[in-house]
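Down below is the structure, laid out as structure tokens.
In full-length UniProt numbering, the protein residues as written are 1 to 156.
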């Protein structure tokens, strides 16, 4: 199994079929390259791109123009997440609400008053940079690092 929960070394000794318990309060918030946006990676499978991430956005923080390579699911725990740009501009998702986005959907999201949400990804998002590059959330070349994940999903 390639899936891991970073920051949980106790998982290394578990059998393949054992449950992985993650104490999210014990994980540090990690800064992203987007000001005011921090994450806790709960699960990631580098081979397939599958990820579950706890996201905290400060008031006014924005996730700029990006495309969902595969289905993305978001459940808002606190605050409000708003589509800033794109076909659903103005769509507001509040506490206890859920939104999923189909493959190929593209938008920018922001948290006018801050927000905490859980994001579940089948593959990492594609961020469209002003210089024309397409990157992942960490700023790495999306095509080089993740294009294989979409091919795997299509073949299955």
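Note that CB positions come from ideal geometry on N, CA and C, so glycine has one too.
{"query": "Cutoff 6 Å; reference residue 59; Cβ partners in own chain excluding five residues on either side", "result": "113 and 114"}
{"query": "Residue 99 - DSSP class collapsed to helix/strand/coil", "result": "strand"}
{"query": "Local conformation of residue 73 per DSSP, three classes", "result": "strand"}
{"query": "Residue 26 versus 8, 37 and 35, residue with shortest Cα-Cα distance", "result": "8"}
{"query": "Cβ neighbours of residue 86 in the same chain (closer than 7 Å, five flanking residues each side left out)", "result": "106, 107 and 108"}
{"query": "Backbone secondary structure at residue 66 - three-state DSSP", "result": "strand"}
{"query": "Span separating the alpha-carbon of residue 15 from that of residue 69", "result": "31 Å"}
{"query": "Cβ-based neighbour list, residue 30, same chain, cut-off 8 Å, excluding 5 preceding and 5 following", "result": "38, 39, 40 and 41"}
{"query": "Reduced DSSP category for residue 52 - H, G, I as helix; E, B as strand; rest coil", "result": "strand"}
{"query": "N- and C-terminal bounds of the beta strand (DSSP E) containing residue 41", "result": "37-44"}
{"query": "Alpha carbon of residue 100 to alpha carbon of residue 143, nearest angstrom", "result": "23 Å"}
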